[in-house]
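Chains as they are written, first to last, in my numbering: chain A, 249 to 598; chain B, 249 to 598.
Here is the structure we will look at.
As C-alpha cells, this is what we get:
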C-alpha cells in the first residue's frame with residue numbers, strides 16, 4: 249500500500265514541545281478579521297463583532313477512526329479538518345478558525361508530523377480558515393487528533409437541527425455511500441497486501457470512492473449555493489454517521505416524521521457497481537455507511553423551484569407529522585421503518 | 249491508594265455513543281448570555297456581542313499527564329478543566345464556556361465516566377462556565393481528555409505575554425512548587441503501595457501539596473482582584489510548566505530581560521519541609537516544577553502601591569533591558585542565568 253520511503257527520521261525528542269509547535273505552526277497565516285491573535289499566547293483572541301459564533305469539536309483516534317496502514321498522513325490531516333468544518337457548514341455558517349491538538353507516540357518522526365500538518369495546512373488554505381492554536385503532546389500508543397472549528401453566521405441565517413416542519417422537503421447534497429465503499433476497497437487491498445506485499449493494487453476503477461474515503465470535502469460550496477439561491481433550510485445536519493442516523497436526529501430534534509424514497513437516494517455509478525461486486529445492497533450502504541460529509545437538510549415547499557434541477561441537490565423525501573414515524577419507501581413501494589445502524593465508535597470498543 | 253469500591257460496572261457498549269453523550273451531559277445547565285445553544289446540534293452557537301473572545305485548548309493523555317493509580321477520576325475531571333481555565337485567566341479574561349472531548353477504552357465502565365464528569369461538572373459550576381459540546385469516542389488504550397475553553401474580555405482589558413517593559417515589576421500569585429512536591433509524595437506512596445498493598449498511606453502531613461497536585465484551582469480570583477485593585481498587568485502567563493519556563497516565555501515575547509530574586513519566590517512551608525525531606529533544593533522545584541497554575545505577570549512600577557502587602561501577590565523581581573539577559577539573583581547575591589528545565593511532555597516520549 250502507501251509506503252513512506254522518506255529515509256529522514258528526526259526524533260521528536262530532539263525538538264521538545266515548544267520548538268515542535270513552532271516548527272509545525274510557524275507557516276500558518278492569519279486571514280480572518282475575526283482572528284485578533286492566533287498561536288503564541290496563553291489563548292487565541294477572537295472578535296466576531298455582531299456575528300454569531302458556531303463551534304464544533306472532534307476527536308480522531310488511531311485504530312478507531314483511521315488506519316495508518318492505508319491512510320497517508322497528509323490525507324488524514326486534510327480529512328480531520330474536513331470532519332470539523334462539515335459541522336460548521338451544517339449550521340449554515342462559514343468556517344473561520346480551527347485549533348489542532350495532537351498526541352503522538354515516538355514511533356512518529358518529525359517528518360510524519362510535517363506530512364500531517366501539510367494536509368491540515370492545505371485544508372486550511374483551501375477552505376480559508378485560520379489555524380489559531382492547539383496542543384502537542386506525547387501519547388503512550390498511537391496518534392490522536394483533536395480539532396475544534398469555529399465559524400460565524402448572521403443570527404438570521406443560522407440553521408439548527410430542530411426547525412423541520414411537516415410537508416418540508418428532505419434534500420441531500422451530492423451523493424452518498426461512496427466513503428463507505430471506498431473503505432471496503434481499502435480494507436480488501438490491505439488484506440491482499442498482507443498476503444503479498446509486492447502486489448501493487450490497481451485502484452483505478454475505484455478512484456472516486458477511494459477519494460471519498462481518503463479525502464472528503466466539506467460542503468462549503470453548498471452553504472454558498474444556498475445563499476445564492478436564497479434558500480434558507482428549515483433544518484440541516486451533516487452526514488457523518490449515515491443517512492438513517494442523521495434523518496433520525498433531524499426528526500427527533502424537530503419532533504416530526506419522515507418518508508424517504510429509496511429510488512431518490514443519489515448514488516454514484518461507482519458506488520452501485522462496487523456494491524454489486526461486494527454483493528452488498530446499495531441502499532443499506534447509503535443508509536448506514538458514514539463519512540460522506542454531505543449535507544442533509546429540509547426546505548420549505550415554497551423553495552422547491554429554486555433548487556429544482558440543481559445537480560448538487562436532490563429531493564429524497566418529505567417531512568410528515570411526528571405520529572407518522574420515520575419510513576423508507578422502497579422501490580416496491582413498501583414502507584419500512586428507518587432504524588439507526590450508523591457507524592458507532594463505541595459499539596466495538598477494543 | 250485510592251480504590252474504586254463501587255461494584256457497578258455498566259459497559260459503555262450497552263449505551264452507544266449518542267446515549268452516552270446524553271447521559272453524561274444532560275444535567276449541564278447554561279448560564280451565560282453568550283451561550284446561544286449548547287450541546288445537541290452540529291455545533292454550539294455563541295454570541296459575544298462586542299466582547300473579545302479568547303480560546304485555549306489542551307490535550308491530557310493517560311500515562312503522560314496523569315496516572316490513574318493515584319488520581320481519582322473526579323479530581324482528574326476537575327483538574328482538566330482548571331488547566332484550560334487557567335489559560336483563559338492568563339489573558340485577564342473571564343472563562344465562559346468549555347467543550348469536553350474524551351476517548352476511552354473499554355476498561356472504563358460507565359460509572360468511571362460518571363465520576364470524571366462529576367469532577368468536570370463541579371469545576372464548571374464553581375467557575376461558572378457552560379459546557380457547550382464535545383465528542384465521546386473509544387480509544388485503543390487509555391483515557392484521553394481534550395478540553396477547549398472560551399472566555400470573554402473587553403478589548404482594553406486583554407493582557408498578552410508580549411507587553412512587559414523594562415523596570416516593570418515581576419509578580420506571582422499564590423505560592424509555587426507545591427504541585428510538584430505533591431506529585432513526589434504520590435509517586436513515593438505508589439511505590440510503597442506496590443510493595444505492601446495493605447499499607448494505608450498517612451498523607452496528613454502533606455495535605456496542602458497533595459491537593460495542589462490533585463485539585464489545583466485556576467486563579468479566577470486573581471483576575472477579579474486585579475480588576476478591583478485597578479491594576480492591568482503589562483503581560484501575563486499562567487505557570488503550568490514551571491517558573492523559569494514561563495519567565496522565559498514572557499521575556500522572549502516581550503523582548504526584555506529579567507532579574508528574579510531567589511529569596512522573594514513564595515514557597516509554602518510544606519513545600520520547604522518536603523523539599524528537605526526529599527533532599528531537593530526548593531528553588532529548583534519552584535523554577536522547574538510545573539502544574540501550579542498560578543499567574544505570573546509584570547506590572548508597571550506605578551501600580552506597586554496598589555498591590556503592596558496583598559497576601560495573594562508577591563513581587564519577585566523586575567524587568568530589564570533585553571541585553572541584560574534573564575537571571576536569578578541567588579541568596580548569596582550571585583547572578584545565574586535562568587534556563588528552562590520545565591516539564592516537557594515530549595522529552596520522555598514513551
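We put the CB at the ideal spot given by N, CA and C, even for glycine.
Residue range 483-486 is occupied by the beta strand (DSSP E) that includes residue 486 of chain B, with no alpha helix (DSSP H) assigned at that position. Within the model, the alpha-carbon separation for residue 538 of chain A versus residue 316 of chain A is close to 19 Å. One alpha carbon belongs to residue 286 of chain A, the other to residue 444 of chain A, and they sit about 47 Å apart. Judged by DSSP secondary structure, residue 583 of chain A falls within the beta strand (DSSP E) whose first and last residues are 583-585. Not one beta carbon of chain B lies nearer than 8 Å to the beta carbon of residue 318 of chain A. Residue environment analysis places residue 385 of chain B among the buried positions, since at least 16 neighbouring C-beta atoms fall within 10 angstroms of its C-beta. Annotation for residue 330 of chain B: the continuous alpha helix (DSSP H) segment containing it runs 321-337.
Neighbours of residue 406 of chain A in chain B, taken as residues whose beta carbon is under 9 Å from its own, are 284, 285, 293 in chain order. Proximity to residue 343 of chain B across B:322, B:280, B:530 peaks at B:280, based on C-alpha coordinates. Per DSSP, reduced to three states, the secondary structure at residue 441 of chain B is helical.
Shown here for residue 461 of chain B: same chain residues with a beta carbon closer than 6 Å to its own, the five before and five after excluded, namely 427, 430, 431 in chain order. One alpha carbon belongs to residue 329 of chain A, the other to residue 410 of chain B, and they sit about 30 Å apart. Below the 9 Å Cβ cutoff, chain A contributes 289, 290 as neighbours of residue 485 of chain B, in chain order. Excluding residues up to 5 positions away in sequence, 400 lie with their Cβ nearer than 6 Å to the Cβ of residue 299 of chain B in the same chain.
The continuous stretches of beta strand (DSSP E) do not include residue 260 of chain B, and DSSP gives it neither H nor E. When Cβ-Cβ separations below 8 Å define contact, residue 392 of chain A makes contact with chain B. A straight line joining the alpha-carbon of residue 291 of chain A with that of residue 345 of chain B spans about 14 Å. Assignment of residue 366 of chain A by DSSP, reduced to helix, strand and coil, places it in the helix class.
At a cut-off of 8 Å, the C-beta of residue 307 of chain B has a neighbouring C-beta in chain A.
In this structure, residue 389 of chain A lies away from residue 370 of chain B, with their beta-carbon atoms at least 8 Å apart. Around residue 409 of chain A, the beta-carbon contacts reaching into chain B at under 8 Å are 288, 289, 290.
Judged by DSSP in its simplified three-state form, residue 388 of chain A adopts coil rather than helix or strand. Considering only beta carbons, the part of the stretch 341-360 of chain A lying closer than 7 Å to chain B consists of 347, 349, 351, 353, 354, in chain order. The alpha carbon of residue 354 of chain A has as its nearest neighbour, out of A:324, A:481, A:257, the alpha carbon of A:257. Counting C-beta atoms within 10 angstroms of its own C-beta, residue 440 of chain A has fewer than 16 neighbours from the protein chains shown and is therefore classed as exposed. The Cβ-Cβ distance between residue 434 of chain B and residue 326 of chain B does not fall below 8 Å.
Residue A:350 holds the alpha-carbon nearest to the alpha-carbon of residue 365 of chain A among A:350, A:376, A:375. Distance from the CA atom of residue 331 of chain A to the CA atom of residue 541 of chain A, rounded to whole angstroms, is 7 Å. Taken through DSSP and simplified to helix, strand or coil, residue 566 of chain A comes out as strand. Between residue 518 of chain A and chain B, the shortest Cβ-Cβ separation is not below 8 Å. Contact check for residue 336 of chain A and residue 301 of chain A: beta-carbon distance about 10 Å, past the 8 Å limit, so the pair fails to qualify. Contact between the stretch 514-529 of chain A and the stretch 450-461 of chain A is present, with at least three C-beta pairs closer than 8 Å.
Per DSSP, residue 285 of chain A is one residue of the beta strand (DSSP E) stretching across 283-285. Residue environment for residue 267 of chain A: exposed (fewer than 16 other C-beta atoms within 10 angstroms of its C-beta).
About 6 Å separates the Cβ atoms of residue 470 of chain B and residue 560 of chain B, confirming a contact at the 8 Å cut-off. Judged by DSSP in its simplified three-state form, residue 509 of chain A adopts strand.
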